[in-house]
Structure formats: C-alpha cells, structure tokens
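Numbering of the sequence shown is given in the working numbering, commencing with residue 5 and proceeding in unit increments. The beta-carbon is built from N, C-alpha and C at its ideal position, and this holds for glycine as well. Owing to the predicted nature of the structure, the values given are computational and were not obtained by experimental measurement.
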Amino acid sequence: MQYQKILNAIAFEASKTENRGVVASYIPELSNIDDGKFGIALLDEHGDFFASGDTEESFSIQSISKVLTLSLAFKLIGDDLWERVDVEPSGDPFNHLSLLEHENGIPRNPLINAGALVVADILVSHLRHPKQEFLEYIRKIAGDTSIDYDLKVAGSEKKTGFKNYAAAYLIKSYGNLENDVEDVLDFYFHQCALSMSCHQLVKVFYMFANRGKCLEHNPYLTLAQVKRINAIMLTCGFYDEAGEFAFEVGLPGKSGVGGGIVALLPEKFCVATWSPGLNLKGNSKLGMEALEKLTTKTGLSIF
Ligand code: GLU
Numbered sequence: 005m006q007y008q009k010i011l012n013a014i015a016f017e018a019s020k021t022e023n024r025g026v027v028a029s030y031i032p033e034l035s036n037i038d039d040g041k042f043g044i045a046l047l048d049e050h051g052d053f054f055a056s057g058d059t060e061e062s063f064s065i066q067s068i069s070k071v072l073t074l075s076l077a078f079k080l081i082g083d084d085l086w087e088r089v090d091v092e093p094s095g096d097p098f099n100h101l102s103l104l105e106h107e108n109g110i111p112r113n114p115l116i117n118a119g120a121l122v123v124a125d126i127l128v129s130h131l132r133h134p135k136q137e138f139l140e141y142i143r144k145i146a147g148d149t150s151i152d153y154d155l156k157v158a159g160s161e162k163k164t165g166f167k168n169y170a171a172a173y174l175i176k177s178y179g180n181l182e183n184d185v186e187d188v189l190d191f192y193f194h195q196c197a198l199s200m201s202c203h204q205l206v207k208v209f210y211m212f213a214n215r216g217k218c219l220e221h222n223p224y225l226t227l228a229q230v231k232r233i234n235a236i237m238l239t240c241g242f243y244d245e246a247g248e249f250a251f252e253v254g255l256p257g258k259s260g261v262g263g264g265i266v267a268l269l270p271e272k273f274c275v276a277t278w279s280p281g282l283n284l285k286g287n288s289k290l291g292m293e294a295l296e297k298l299t300t301k302t303g304l305s306i307f
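Structure below.
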C-alpha cells in the first residue's frame, strides 16, 4: 500500500481547500489556533510511520481523551463500568443535558461529556494521583515522556465550562457521581487539555488497532476490551454525526473540538488528522474529508 503517496495527495488537496470550517471558540484558549494547519499521520500494521503536513505540532486533543480515560477505567473496574454508563449513541450534541434527566443520570455513552464525567469520577475514585497517573499511562503507551497537559487550556475551560458543571451536578443528583463535582471537573478539564501531535496520537491509539498491544507489543487491553471500545467509537465517536462518519469513512474513531480526529482499521492501521476548523456538528471539516479520501483511495475500511 502506497500510504505516503496517498497522504501527500490528501494534504495537498487540503491545502487548496478554501472552506476550512470554523475554529471552536467556546473554550476561549482554543480560538487562538491558526486554522491553516493541517496534518495527517498513519502507523501501519508493521509499525511503519507515514505523515504529511503539520503532524509534529501539538494541539488540544479535547474529546479524543475520552477514549483513553475509558480504556483506563475499563481496565480498572471491568464490566461494572456499564452499570454507570450506557453504550447507545445519543443522537444529540456532546454536551446535551436533557437525556440525562430522562434516563436518571445514566449517560447514554462514555464519549459524550456526561459519560466522560462518570468515567472521570471512576478514575478519581480509583487512582491515588489521578491526573499524574493518567498522564503516565498515556506517556507509557506512547513511549514518549514529552506528552503533557496544556494548563492554559485547562484553566480556560474551568472558567467557562458551565454546561459541564451543570451535567456533573445533575449526575450527582441521581447518585451517579461519587466524588466532589470540583474534583471530577478538575480531572476532566485536564484530560481534555492533553496536548498531543498527530504523531503522538497514532502511537497511543495504535493499541486499538493492534489487539490491545502498543507499538512495543506490550499488552494494555484485552482483545475483548478493544472490541468493545472500538464498537463504541464507531457508534458514538462523532457527536451526532457518528452515522455520517461511518457512512462516509467507515472506521471507528473519535474527534475533538480542538480539530483532531483519530481513526483505525483493526490489524491494519491507525490514522490521525488535525485541522482546527470544525463543521456544524463540531467535527474537523478537513479531517473528515481527508479520512473519507483515505478509505476511498486505499479501498480499506471495516466494511
Ligand atoms: N472539553 C470539551 C468540553 O467539555 C470537550 C469537547 C469536545 O472535544 O467534544 O466541552
């Protein structure tokens, strides 16, 4: 497979695209990003790395982090997790509250904000130093100690994350949050403020394409866990556009409002894109287009 040629062609087409979407500004610190950035990086099943564009530059991974906290919570408490968070797509934007009330504080899935807050609560309960231990987990999987939180982004979101406060208090009112709302949100705002490049993202997400093993072949997740997390990414990974992503791209993945997307084809490759401009549903506009081109040009998807 000529991945390098294909990635170069995709990056070239992206550079010529005028409508690049709109950079998220509801977290003030995110609005400072240059919307001209574009990168695409891929790790194949042999561990060979291919990249084109701005793939070494770090950006705020935001909701992409929800898959990583989910994987750690699943490792820690196993299937008990599903008593506290469901696995159905919500069909609503990521920060909606109404379903939460209808469904008695059990979030629809772990990849919307409400679900990620419950997962964050589990980590706060089970880890002695949650922020530090989560960061170490990510660094170890990637084999990269330079990965870190962007404290400015975390602080910016803390000041403006009123909907997340509302969701957390609502969940707490139904008895589905064990810890103080402030502690859970502090952890959550930091996980979202993880700053990573496309290159680092493919190294961490490689385990979801490689039967639970990282690039060095150390096991982090069981095959059964990977199967379940990939299923959740496919059905819930793109806000209320998960159907469209499956239809256009055909890979499990996760996006974030920082403009990143990670997707994978089990036992074949893991790919990450970054372009900060978002479409109306909050997914990176050029990132989605790039991944549609990747699966079309390679003829590879889960379908
Ligand atoms: N930290 C963001 C929030 O809670 C994450 C949003 C996202 O990337 O979907 O609003």
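- When beta bridges are read from the DSSP output, Trp278 appears opposite Gly43, Gly264.
- Here Ser177 is exposed: its Cβ has fewer than 16 other Cβ atoms, across all protein chains shown, within 10 Å.
- Straight across, the Cα-Cα distance linking Arg232 with Glu33 is about 34 angstroms.
- Between the alpha carbons of Asn180 and Ser259 lies a distance of about 26 angstroms.
- In the structure shown, Pro223 falls within a strand segment according to DSSP collapsed to helix, strand and coil.
- Shortest gap from the CB of Val275 to any heavy atom of the ligand GLU: 7 angstroms or more.
- Across the set Ser160, Ile142, Glu161, the C-alpha of Ile142 shows the shortest separation from the C-alpha of Asp152.
- Inter-segment contact for the region 93 to 112 and the region 169 to 176 is present: three or more beta-carbon pairs are separated by less than 8 angstroms.
- By a beta-carbon distance limit of 8 angstroms, Pro280 does not contact Leu268. Their separation comes to about 22 angstroms.
- Sequence-distant Cβ neighbours of Leu127 in its own chain, meaning closer than 7 angstroms and more than five residues away, are Thr73, Leu76, Ala77, Pro134, Phe138, Phe191.
- Counting along the chain, Gly57 sits inside the beta strand (DSSP E) bounded by residues 53 to 57.
- Runs of the alpha helix (DSSP H) spanning 4 or more residues and lying entirely within the region 85 to 114 occur at 102 to 106, in chain order.
- Here the alpha carbon of Asp244 sits roughly 13 angstroms from the alpha carbon of Phe251.
- In this structure, His203 sits near Ala45, with a CB-CB distance shorter than 8 angstroms.
- At least one heavy atom of the ligand GLU sits closer than 7 angstroms to the Cβ of Gly286.
- Its Cα nearest to that of Gly43, the residue Thr59 stands out among His50, Phe53, Thr59.
- Ser19 sits exposed, since fewer than 16 C-beta atoms from the chains shown fall within 10 Å of its C-beta.
- Between the region 160 to 172 and the region 7 to 22 there are fewer than three C-beta pairs closer than 8 angstroms, too few to call the two in contact.
- Taking a contact as a CB-CB distance under 8 angstroms, the pair Val89 and Ile110 counts as one, their CB atoms being some 7 angstroms apart.
- Cβ-Cβ separation between Thr302 and Val253: approximately 11 angstroms, too far for a contact (criterion under 8 angstroms).
- For Gln66, the shortest C-beta to heavy atom distance toward the ligand GLU is below 7 angstroms.
- Remark: the C-beta of Val71 is outside contact range of the ligand GLU, defined as less than 7 angstroms to any heavy atom.
- Around the beta carbon of Lys163, fewer than 16 other beta carbons sit within 10 angstroms, so the residue counts as exposed.
- Looking from the CA of Ala28, the closest CA among Phe307, Cys240, Ser160, Ile116 belongs to Ser160.
- Judged by DSSP in its simplified three-state form, Tyr141 adopts helix.
- For Val261, the shortest separation between its Cβ and any heavy atom of the ligand GLU lies below 7 angstroms.
- Relative to Ser35, the option among Ala294, Val261, Asp148 whose CA is nearest is Val261.
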